[in-house]
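Residue numbers for the sequence shown follow my numbering, so the first one is 466 and each next one is one higher. Below: one structure, written as C-alpha cells.
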Amino acid sequence: MAKMRTGVTPKTEAFILTRQFLGEEYFGRITQGPMAPDTMARNLLAACQPLDLPPWLKELIPMETHVLEIKDVLLPNPSVSQTFEINPALKLFSNTWRHLGQALVAALTPGVGKEPPVPGQELVMVWQDPVCGMVKAGPASNQDLLVLKMAEETLSPEQVAMATGAHLTDIRSALVRALDKGIVIGPDSGICRLKKKDQTCEDKAMQSFDRPRVFALQWHITQACDLHCRHCYDRSFPDPLGFSKELAILDSFEDFCCRRGLYGQISFTGGNPLLHPNFHRLYKEAVDRGFFIGILGNPAAKEEIQRLTAMGPLSFFQVSLEGLESHNDYIRGRGHFIRTMDFLEVLKDCRIYAKVMLTLTRDNMDQVIPLGKHLRGRADFFTFNRLSLAGEGAALTVVDPKGYREFLKSYLTETRSNPVLGLKDNLFNILLDEDQLPLFGGCTGYGCGAAFNFVSVLATGEVHACRKFHSPIGDLTRQSLVEIYDSEQARRYRQGPAQCMDCRLNRVCRGCLASTTSLGLDLFEQTDPYCFLST
C-alpha cells in the first residue's frame, strides 16, 4: 500500500506549467492550505473553467498531478525484478492534444526543448525512473504498448514472437528500450562497473550507467577490403578461421550473454565484412540466435541490403566519411564520397538506421560541422572518433589537445539545431556537467566500454578490449568469452586509468584509452591527455 510523504514536495515544485498560466497569486489562492494531489487537481480544473486559458490545460493538469503523486507518495518502485513487471509509478494518459508530454519533460529537465501543443490524439506515459528517481514523460509507441502488454500478461519475447510472427530480435529490441526507459522493470544485469566503497549522492544519479543490458561484440571477421584508407589500423591478411570455428565464437557469445543476463549485439566489420566468404551464413546464424545486428562497412548494392533484411532485422549500418568530398576522397579514394551519399539513400529506402563515422584529425576538424550540415536529412546519426596512432594512422596528425575544448563546445552548440549530430566522445560530459545539463552515456553508453560492455574480436579469434589500439585480452579459439571477460587483464582495461578513479564523472567517462596510448602515456595510470576537467 502506498504511503503519503509529509512535506516532501513544496508547492513551488508542483504544477510548474499550470502555475505559469494561472499566475502565482491566483495559483496560491486555489491551492491554499494542505491538500492531497487529487484535491488540488480538482480545484485547479474547476478554477480553469471560466478563464480564457489554453484548451489543452485540462489535459495537462492530470499529468502534472501524477508528477506530484510520484514525488509525494512512496510508491513500491524497485529497480529490478525477477520477472518483467510494469513500473508501478507508470500512468497512461489519453490526450486530444499532442506534445503535452514533451512540454512536461521540458519543464522538469533543464536544456530540453519543446514543441507547442497541437490538436491530435496522443497516448502519453508519465513515470519515475526506477534507478535515478527522475520523473519522465513521453508518448507511448506501439513497441512500448507491446512491452507493457508482455509484462502484464507475463509473456516471454519468444512467446510474443511466435504469436505475432514478428522476429525475436525486434521483440527483444523493444523490450530493451522499455527497460532502458524504465517503463518496465526486469532482471538485473550480470555485469556491473567496479565501484568505490564509499558511495556519494551524486553516484546515485549515475546508477543507470552501472549495469548495461546489452553487450556488444565488434567482430572484424575479415581484413579483406575494397578500399585503401590512409588511416587503416591493420593491413594484415590472416587466413580465415573457417565456418565451424566462427560458429563456435557465436556459441561462446550466446553462452556469455545467457550466463550474465545480457542481450547480445554483434557489429560485423572488417575490412569490409560483406567480402567475407561466410558472411551471409554468419549473419543468418546471428539473427536466428536473437542477437541485434549492425554492420560497419562500405557502401553496398540495394539488393545486398534487401537480401540481408530478408534473413532478419538489421539494426543499423555504419559507413565512414572523413570530411567534405575533396578531403574524404584523399583519405578513402576517389569517388568514395559520392558513392556513400548514394548509399545513404539506399539505407533510407530500406528503412535501415544509417550511421556515419568520422576519424577526427588535425586536418579535418574544421570540416566536421559542415559535413554534419550536409548529412542532415541524409543520415540518422553522425559523430566522430579521435584518430588513434595505430597502423597507417600513425602517418596522420592528431588534433591539438589545446584547442579540443573549444571544438567540443562548438559541436555541442551545433547539436541544438542539427539533430543528425550525435555525441560519442566521453569528454562532452565535462561540458554538460558544467552547464548542469543531463549527462549522456559516452562512447559506448557507459563511458569507455573497453572490456566492460564491449569487446573487439579479430579475424583470428583474438579478443581485444578495443580495436583502436593494441589491447589483447584473450583468444576465442582457445578460451570462452566468460573466461576472457573475467580475466585480470580485462578487469584492468575496464577499470580505466588510476588517475580517473576519484573523478565524479568516472562512470560516464574515463577518457579515451586509445588517445592516451597514442600520445605515449600509460593508459592504466594516466588520464586522457585531452581531458580539460581541471582547466
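All C-beta atoms, glycine included, are put in the ideal place defined by N, C-alpha and C.
Per-residue DSSP class, three states only, for residue i
i, result
"M822", "strand"
"N850", "strand"
"V649", "strand"
"S952", "coil"
"N560", "strand"
"I535", "helix"
"V947", "helix"
"R642", "helix"
"E990", "coil"
"R841", "strand"
"Q545", "Just to set this straight, residue 545 is Val in the shown sequence, not Gln. Three-state DSSP puts V545 in coil, outside helix and strand."
"D663", "Since pLDDT at D663 reaches only 40, below the 50 mark, its modelled position is unreliable, and the value read off the structure follows with that caveat. Of the three classes helix, strand and coil, the one that applies to D663 here is coil, per DSSP."
"I656", "coil"
"C996", "coil"
"K933", "coil"
"N891", "coil"
"R957", "helix"
Local Cβ density within 10 Å of residue i, reported as buried at 16 or more and exposed below that
i, result
"S654", "buried"
"G912", "buried"
"L988", "buried"
"S701", "exposed"
"E787", "buried"
"Q664", "In this predicted model, Q664 has a pLDDT of only 44, less than 50, meaning its place in the structure is not dependable; the value taken from the coordinates is given anyway. Q664 should be labelled exposed."
"V864", "buried"
"R827", "exposed"
"K710", "exposed"
"Y748", "buried"
"V545", "exposed"
"F718", "buried"
"S882", "exposed"
"V583", "exposed"
"I731", "buried"
"E750", "buried"
"Q497", "exposed"
"C657", "exposed"
"L482", "buried"
"D720", "exposed"
"F893", "buried"
"N607", "exposed"
C-beta contact flag for residue i and residue j at 9 Å
i, j, result
"F846", "V833", "no"
"T824", "H696", "yes"
"E534", "L565", "no"
"T880", "L888", "yes"
"G926", "I796", "no"
"L644", "A602", "no"
"L978", "D993", "yes"
"R959", "G914", "yes"
"I758", "T634", "yes"
"V973", "L946", "no"
"G976", "P962", "yes"
"L555", "I636", "no"
"N743", "D691", "no"
"V596", "Q672", "yes"
Run of the alpha helix (DSSP H) containing residue i, from where it starts to where it stops
i, result
"M599", "Per DSSP, M599 belongs to no alpha helix (DSSP H) and is neither H nor E."
"M627", "P622 to T629"
"L809", "H801 to D814"
"Q771", "K767 to M776"
"F718", "F708 to R725"
"T504", "P502 to C513"
"N607", "N607 to E617"
"A572", "L565 to L573"
"Y869", "Y869 to T880"
"L904", "Segment: none, L904 is in no alpha helix (DSSP H) and carries neither H nor E."
"L796", "Position check: residue 796 holds Ile in this sequence, whereas Leu was assumed. I796 -> alpha helix (DSSP H) spans E790 to R797."
"S983", "L978 to S983"
"V752", "F744 to D753"
Where the beta strand (DSSP E) containing residue i begins and where it ends
i, result
"Q730", "Y728 to T734"
"I938", "P937 to D940"
"L886", "Run containing L886: none; DSSP gives neither H nor E here."
"P584", "V583 to Q593"
"Q485", "Premise fails: Q485 lies in the alpha helix (DSSP H), I481 to L487, not in any beta strand (DSSP E)."
"E927", "E927 to H929"
"F757", "F757 to L761"
Residue(s) in a DSSP beta bridge with residue i
i, result
"H685", "T734"
"A915", "F919"
"S1002", "Residue 1002 lies beyond the range of the chain shown here (466 to 1000); nothing can be said about it."
"I551", "V649"
"V679", "Y728"
Chain D contact for residue i (CB, 9 Å cutoff)
i, result
"I636", "Chain labels in this structure do not include chain D; a single protein chain is all it has."
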